[in-house]
Amino acid sequence: MSTKTDTPRDPDTGAASAADAGSDLGAAGSQLSTAPTEDVTFPSLGPLGWARWFWRQLTSMRVALLLLFLLSIGAIPGSLIPQTSIDPVKVDQFKAEHSTLGDIYDKLGMFHVYSSVWFSAIYLLLFISLIGCIVPRSWQFVGQLRGRPPGAPRRLTRLPAYTTWRTDEDPDKVLAAAERMLKKRRFRAHRAGSAVAAEKGYLREVGNLVFHIALIVMLVAFAVGGLWKSEGGKLITEGDGFANSLTQYDDFKSGAFFDTDTMEPFGFTLNKFVATYERSGPQKGTPRVFRADVTYFSGADGKEHKTPIEVNTPLDIAGSKVYLLSHGYAPEVTVKDGRGKVVYKGAVPFLPQDPKNFTSTGVVKVPGAQTKDGKRNQLGFQGFFVPTFGGKGSGSMFSQFPALDYPVLTLTAYHGDLGVDSGLPQNVYQLQKKNLKQYKVKGAPLAKMMLPGETMKLPNGDGSIQFTGIKNWASFKITHQPGNGLALTGAAAALLGLAGSLFIQRRRVWIRAERVTENGIGVTVVEMAGLGRSESARLPEELTDLALALEPDAPLAPNAAPGTDSDTPSQDTAEPTDSDGPADPSEGARA
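Using the numbering used here, read the sequence shown as starting at 17 and increasing by one per residue.
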């Protein structure tokens, strides 16, 4: 038995090439994949010709890969540059700090990458390209499944993997045994003249198609998620709650097809926020525990449940997810006006200016205050809060640790018109000082540093403000993102399809048996050859296994002619041919 495993290679790819194996392979070496044949003819000059040329280019696999690459590159700015949909405050801050670059980014749509014109164009072109690739390729593959493996080429010696030997068995018995053996090994096999044609590895093309269909599924899932999504933010102080209605959100955005009338009824209450920090070492101040303990309900008459929400553990409720974003402190104050009446009592959220140590700013607005004479006198307080005061003796306010070790509140008092009656919206964290006057004592602005329990009195008997305690607040992001399950299914299918297309090899095997006369003695020449879609060391090994499996039914002839023993390749002594002639090209197209 002799074996030849030299493999012709494609000059461009380095892979095995059926064309290089000899022009006489015919249909046997054609269409080992469903990849469309490149047409190098140029279209005629004209609208129809150019449209046809553009469509062929758009639906080619190389353009699809290029668009996929551009889509991944285009998503990078969305991760590096602040996005309006996520944090508009950071976008405004970036524009203020980088005026020239901010204008350029704004014109290029870098602050809203995923809804920009250029990103949407790449997305839609990729979608069309994938569909244009897959639809004809799928029909072609269905045709291959319905067809039969093509007949053997005239010269099996031209194929990459080849072996031959002589036997005394009848050719019909050898071919019958070969067909049984191949079918037992899950080859699609059939008798074609004096040879058996077999093929295996169709799952490679299935994997290819599944991979590309999965990409379309993921694109559809992302589109569904973008059109029907909703997201909003809510800052909640300990003891307060949230209900899923449009008026409850601090900010809210939704997709084009989202219906606010169909919002699911659910809500939650922030019972307590727990945060602990590293006290020493290079990671001093790093959070170790960052948890919001909440009580939630789902449905109009839903039962209440308690659960923690952490940074990487959102609350999944009624098809939405509640994410914990950040936290801060809300000093509790009690304000009395000139009549001695309590006109404000509660916790006021202060926003951190130093995200590490929580030096924070905030305002207290009291529109219902009056003087001791009963005249209207709206009060406003600009404040700084530090959880661990570090400016003792320096006159400055800064925090040196994020925990409540030494909390200090500094307030500056104003009176006059807060502007809340104008009907125009105001930022609750800013104080409009246009129509306000600052309280002064002996010509100096009234300001005071206070510890919990201390009080600052206002001049002229206009009242007082007491620092009574501190609460935590936490900010949450509530998102409704349909299509996540579809995207996960598509991603899993893409991985399975990619694995199949990479690790499964499609190959064909032919076994020919013909009776010839050598030196006056009749023997049966058995030839076995294999052809794979790409170069692989597994093909010669598999061919060897098939030859060994067939040998009991076609044992070596003891009286083989000289020069044709098991160690010497048989060349053209018998030049066996398929009795049916060259394979029909239409068979190769279906294979």
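From the three backbone atoms N, C-alpha and C, an ideal C-beta is built for every residue, glycine too.
By the Cβ rule, the stretch 545 to 564 does not count as touching the stretch 231 to 250, because fewer than three pairs are nearer than 8 Å.
Per the DSSP secondary-structure output, PHE282 pairs in a beta bridge with SER314.
Residue ranges of uninterrupted beta strand (DSSP E) with 3 or more members, entirely inside the stretch 168 to 255 and ordered along the chain, are 177 to 183, 204 to 208, 211 to 216 and 246 to 253. Between GLY223 and SER517, the C-beta spacing is below 7 Å. The three-state secondary structure of PRO403, taken from DSSP, is coil. Just so you know, the alpha carbons of GLY477 and PRO418 end up roughly 36 Å apart. In this structure, the alpha-carbon of LEU511 lies about 37 Å from that of ASN260. Using a Cβ distance threshold of 7 Å, THR540 and PRO187 count as a contacting pair.
Here DSSP, grouped into helix, strand and coil, assigns MET465 to strand. Only residues of its own chain outside the window of five on either side were considered, and among them PHE483 have a CB closer than 6 Å to the CB of GLU470, listed in chain order.
Cβ neighbours of TYR445 within its own chain (closer than 7 Å, five residues either side excluded): LEU367, GLY378 and VAL379. Distance check between ARG392 and each of GLY432, LYS357, ASP370 and THR375 places GLY432 closest, using alpha-carbon atoms only. With 16 or more other Cβ atoms from the protein chains shown falling within 10 Å of its own Cβ, LEU172 counts as buried. Setting aside the 5 residues that flank it on each side, LYS372 is surrounded in the same chain by GLY301 and PRO418, each with a C-beta closer than 8 Å to its C-beta; the list follows chain order. Using a Cβ distance threshold of 7 Å, THR183 and ALA570 count as a contacting pair. Nearest to HIS321 by C-alpha distance, out of THR285, HIS206 and PRO441, is THR285. Annotation: the continuous beta strand (DSSP E) that includes ARG523 extends over 523 to 534.
For LEU331, the pairing in a beta bridge is given by DSSP as VAL338. In this chain, the beta strand (DSSP E) harbouring ASN488 covers 479 to 496.
For ALA573, the secondary structure class from DSSP, reduced to helix, strand or coil, is coil.
Separation of the CB atoms of LYS487 and GLU348 is rounded to 6 Å, and the pair is thereby assigned contact status at 8 Å. DSSP places GLY94 inside the alpha helix (DSSP H), whose first and last residues are 92 to 96. Counting the other Cβ atoms within 10 Å of the Cβ of ILE120 gives fewer than 16, which makes it exposed. Secondary structure note for ALA545: its beta strand (DSSP E) is the uninterrupted segment 537 to 548. A direct Cα-Cα distance of roughly 39 Å separates GLN497 from GLN521. Under the Cβ criterion (8 Å, minimum of three pairs), the stretch 488 to 508 counts as touching the stretch 223 to 236.
Distance between TYR265 and GLY65, taken at the CA atoms: about 55 Å. Cβ-Cβ distances below 7 Å link LEU251 to ASP266, PRO365, TRP489 and SER491 in the same chain, with the five nearest sequence neighbours on each side left out; the list follows chain order. Annotated as distal: LEU198 and ALA177, with beta-carbon spacing of 7 Å or more. Cβ atoms of PHE405 and TYR422 come within 8 Å of each other, at about 5 Å. About 10 Å separates the beta carbons of PHE414 and VAL424, which is beyond the 8 Å limit, so they are not a contact pair.
As the crow flies, the alpha-carbon of PHE313 is around 44 Å from that of LEU452. Approximately 22 Å separates the beta-carbon atoms of SER336 and THR100; this is outside 8 Å, ruling out the contact. Residue burial is scored here from C-beta neighbours: LEU440 has fewer than 16 other C-beta atoms within 10 angstroms and is therefore classed as exposed.
Distance between GLU254 and ASN287, taken at the CA atoms: about 6 Å.
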